[in-house]
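First to last, the protein sequences are chains C and L. When you line the first sequence up against numbering that gives the first Met the number 0, it's residues 0 to 431, in that order. When you line the second sequence up against numbering that gives the first Met the number 0, it's residues 0 to 233, in that order.
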Amino acid sequence: MIARMAWRNLWRNQRRTTLTIAAISLGLGVLITMVSFMDGMMEMMMEQIARSSVGHIQLHQPEYLEKKSTNLFMQDGEKLAAIVADVDRVKAISSRLLFSGSIRSSLSSTVRVVQVIAVDPEREREFSGLVDKVIAGGFVVPPPESLEGGAPLRVQGRKGILIGKKLAEQLKVELGSKVRVDCAGFQGATTAAAFYVTGILRTGTDAFDKGVAMVALRDMQEVTGAGDVIHELTVMADSTENLDVLAATIQSKLAAAGFAEGTVVVQPWYDVMPEIKQMLDMSGAWSGVLYMMMMIVLSAGILTTMYMVVLERKREFGVQLALGTRSSRLFAGVMLEALYIAGLASAIGIAVGAVSVAYISTRGIDLSGFMEGFEFAGAFIDNIYRGTATAKVFVEPTVVVFVGTVLCALWPALKVARMQAIDAIKQGGTTN
Amino acid sequence: MSNVIVETKQVTRVFASGDVEVNALRGVDLRVELGEFVAVAGPSGSGKTTLFNLIGGLDTPTGGEVLIGGAALSGMKRKELSRLRLDKIGFVFQAYNLIPVLTSYENVEYPLILKGIGAAERKRKVEELLSAVGLQEMMHRRPMQMSGGQQQRVAIARSLVCDPVVVLADEPTANVDSETGAALLELMRKLNVEKQTTFLFSTHDPMVMKAARRLIRLKDGAIESDVRQDGEIS
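What follows is the structure, given as structure tokens:
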């Protein structure tokens, strides 16, 4: 009977109960959507960061990251790549040489400062999301079909270069055009070489589209005369889980293969770029703040509703006590009403959230009308954000709202449990 | 074996309001025996409701002692008082005070559920009592769908369902017309005779005073008179 009474009591004031449930449901739906959006955004950023220059794990000469000197490279790049590629959980790798330099063409007087990234085109193609941003030609080394698409045949067999659309416009070059790249080489030498534009890409960020030029690793090793050396080897793992374990595994494999201690350091991305890790952690903390703010707003509504219940039914509670009802039973009745509200609101909130999450996780939210994509931590971050539809997105907010709703009813329920029958009957209003 | 159901010994009740003390009851001695049909009358402020609250275990006396069925209420814990009210006392309130979300059947059944009586026994007792108060056709109506008199009949049935030793009826005819009031009194009198249930009324309704077999008049918190009479319902 206690459950029946609680259920019927809930609907004595239909409008108020409906509004309360609607408010909590809507709040939960919004919370689910926001968590989905934020998780999705973080996932996308991590994925795009991983798929760009950062990867999940990076290998460098131990002092390279601190000093960024061209001369701090790792020897036996091919052997290194082969060993790492063979480690369990390693999905893809990319070997790179990194230089600061300038680029110019005979078609323009413009000279532009660029970061020259020398990559193994085949490995980078598997590794990097940048390949999808190529709008003309091929990815550093043009595939035959892109040549048929308009690139002059003269680039065949020559050193290719992939540049951003804006840089191409500034230099007034197109596919097949010749450019000259000057950069600081090894041991203080300056390296200059001619490259032919084999690909043009557009990422939407100026940092990439104006400031990066990609060439083939083999070409750069040949031009600089450095041989089989690399500055950086990035690793894409099968997942972001236990990266420190994977890094340790790679380090031990290298040691076993004869790479002397102090020649190569293997680090997860969050050790390489702790500021990104901090930012992601901060985003997690913001989720907590979001939960709290939402709960403050919701709890005000729930408390008001439940407190009104107590005030309106004071006399009724007094009569029930006079009839011999135990306080614990009255407490349970009020808590049951809160449970019903929480249950109904959670069910509706999940449904509202599911519709919203289904939309943002499949179609995404296109912010291109408001902002361009941006470069973050060496990665191009898209401006279409998609939510994630994991169980966590639904479970966490629902648990928070459900438990919060029930907790909000504790105070009014305790107030009822502490009522004295005579005071409640005297002070209470009518029961009808 | 003593037939005394309700006994008060030199009961006093003082209410403090700031610096002012109000003596609501000034040493009331009262003995009510099994099967009595007693009206406690008096003007407003005479102490009727205070006395009923003390007898019902809803309030604690400042001095003296209240005994129900020989058991002293003083020193009983909240839980024990709840149980005592459930087992031994039936309440009929002036404003009916039925639980609005329950049907008349459920309202009468409610105390039996609190007592943990089984479903079959509950059904038998509730139907018997609703039939006795003439509401067998209205079992499934909620209070809002019933007249004041009908609601008070349900309240009477509820007060009797646990076979209490005494029913405390606080101005039971105050909110109904005289015809309905007479019918309610007739009903309670009948139940008093048939079930030997003790009824104790608080009233200033002349009809109730006349119907009682014993009339106690309170004045300024003390018993002014206590007379036995025929008890006629007009």
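Glycine residues also receive a C-beta, built at the ideal position from the N, C-alpha and C atoms.
query, result
"Residue 31 of chain L beta carbon less than 8 angstroms from that of residue 197 of chain L", "yes"
"Beta-ladder partner(s) of residue 8 of chain L, from DSSP", "L:64"
"Candidates C:358, C:322, C:357 and C:255: closest to residue 423 of chain C by CA position", "C:322"
"Beta-bridge partners of residue 104 of chain C, as assigned by DSSP", "C:178"
"Distance between beta carbons of residue 55 of chain L and residue 24 of chain L, contact taken as under 8 angstroms", "The Cβ separation is near 14 angstroms, so there is no contact."
"Closest by C-alpha distance to residue 77 of chain C, when choosing among C:327, C:234 and C:227", "C:227"
"Cβ-based neighbour list, residue 271 of chain C, same chain, cut-off 6 angstroms, excluding 5 preceding and 5 following", "57"
"Nearest-angstrom Cα separation, counted from residue 385 of chain C out to residue 428 of chain C", "For residue 428 of chain C, the predicted model reports a pLDDT of 47, less than 50, meaning its position is unreliable and no value from the coordinates is stated."
"C-alpha gap between residue 12 of chain C and residue 239 of chain C, whole angstroms", "51 angstroms"
"Own chain, CB closer than 6 angstroms to residue 234 of chain L, minus 5 neighbours either side, in chain order", "Chain L is shown from 0 up to 233; residue 234 of chain L falls before or after that span and cannot be answered."
"Alpha carbon of residue 278 of chain C to alpha carbon of residue 284 of chain C, nearest angstrom", "10 angstroms"
"Simplified DSSP assignment, three categories, for residue 415 of chain C", "helix"
"Backbone secondary structure at residue 147 of chain C - three-state DSSP", "Residue placement at residue 147 of chain C is poorly supported in this model, since its pLDDT is 49, which falls under 50; the coordinates still yield a value, given next. Looking at residue 147 of chain C - three-state DSSP - the assignment turns out to be helix."
"Secondary structure, beta strand (DSSP E): runs of 3+ residues fully inside the segment 47-122 of chain L", "62-67 and 88-91"
"Chain-order list of residues whose beta-carbon lies under 7 angstroms from that of residue 395 of chain C (same chain, five-residue window excluded)", "34"
"Proximal residues, the segment 40-60 of chain L versus chain C, C-beta separation under 8 angstroms", "52, 55, 57 and 58"
"When C:225, C:177, C:250 and C:258 are compared against residue 106 of chain C, the one with the closest alpha-carbon", "C:177"
"Runs of beta strand (DSSP E) lying entirely within the segment 39-117 of chain C, each at least 3 residues, in chain order", "56-59 and 89-104"
"When C:5, C:390 and C:248 are compared against residue 32 of chain C, the one with the closest alpha-carbon", "C:390"
"Supposed contact pair residue 11 of chain L and residue 44 of chain L - C-beta distance, whole angstroms, cut 8 angstroms", "Wrong, their Cβ atoms sit about 16 angstroms apart, outside the cutoff."
"Contacts that residue 322 of chain C makes with chain L (C-beta to C-beta distance below 8 angstroms)", "84, 85, 90, 109, 110, 113 and 157"
"Beta-carbon contacts of residue 319 of chain C that lie in its chain and below 7 angstroms, excluding the five residues immediately before and after", "329"
"Strand pairing of residue 133 of chain C, partner residues [DSSP]", "C:200"
"Proximal chain A residues relative to residue 78 of chain L, where beta-carbon distance stays under 8 angstroms", "No chain A appears in this structure, whose protein chains are C and L."
"Given 8 angstroms, three or more beta-carbon pairs between the segment 36-48 of chain C and the segment 296-308 of chain C", "no"
"Three-state class that DSSP yields for residue 171 of chain L in the structure shown", "coil"
"CB contact below 8 angstroms: residue 420 of chain C versus chain L", "yes"
"Nearest neighbour of residue 175 of chain L, chosen from L:145, L:74 and L:49 [CA to CA]", "L:145"
"Nonlocal neighbours in the same chain, by C-beta distance under 7 angstroms from residue 140 of chain L, ignoring five residues either side", "102 and 103"
"Nearest residue (CA-CA) to residue 100 of chain C, options C:249, C:192, C:308 and C:245", "C:192"
"At least 3 beta-carbon pairs within less than 8 angstroms: the segment 181-200 of chain L vs the segment 13-27 of chain L", "no"
"DSSP state of residue 428 of chain C mapped onto helix, strand, coil", "Low local confidence applies: a pLDDT of 47 at residue 428 of chain C is under 50, so the model's placement there is unreliable, with the coordinate-based value given in what follows. Residue 428 of chain C falls in the coil class under three-state DSSP."
"Chain-order list of residues whose beta-carbon lies under 8 angstroms from that of residue 229 of chain L (same chain, five-residue window excluded)", "212"
"Per DSSP, cross-strand counterpart(s) of residue 218 of chain L", "L:221"
"Distance, residue 291 of chain C Cα to residue 206 of chain C Cα", "37 angstroms"
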